[in-house]
Amino acid sequence: MNFANFIHFLKCKNRNFNVIFLINNRRDGMNKQSESYRELCTEFYVLDNPHAPLDALRYYLACAAEANGSILEPMCGAGRFLIPLIEEGYDVTGFDNSPHMLEVCRNKCFEKKSIHN
1 MNFANFIHFL KCKNRNFNVI FLINNRRDGM NKQSESYREL CTEFYVLDNP HAPLDALRYY
61 LACAAEANGS ILEPMCGAGR FLIPLIEEGY DVTGFDNSPH MLEVCRNKCF EKKSIHN
């Protein structure tokens, strides 16, 4: 899958949140059963992985400290790394192919007062 195939784009900048649709939000061949499965997978993933592993987060924070400018996080998922980076003041743009994961990330952003001002 290349970047052109990604459906949703998540933009978190200056502690604000936007969802930008890059291409049509089509669901070719997706039925209710597969949609429910994707939602269930997202819920399970979020419950099983509520936070970024501390050692990995420290590594990404160290890399972010050396970045000159904005940070792009592909496959940002539910925001395990994206949100802590934003909370540290970094300008982060993330994208993911899962609208369910992006919805979870969006909700987490809105729950965090430090992100959603």
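The sequence shown begins at 1 in UniProt numbering and counts up one residue at a time.
Backbone N, C-alpha and C fix where the C-beta goes; we use that ideal spot for every residue, glycine too.
Keep in mind that this is a model prediction, so the values were computed, not measured.
Between the region 76 to 86 and the region 96 to 107 there are three or more C-beta pairs closer than 8 Å, enough to call the two in contact. Buried is the label assigned to A52, since at least 16 other Cβ atoms lie within 10 Å of its Cβ. One alpha carbon belongs to A67, the other to V92, and they sit about 11 Å apart. Taken atom to atom, the span from the alpha-carbon of C109 to that of E87 is near 10 Å. Rounded to whole angstroms, the gap between the alpha carbons of G89 and E73 is 15 Å.
Within 10 angstroms of the beta-carbon of Y60 lie 16 or more other beta-carbons, which makes it buried.
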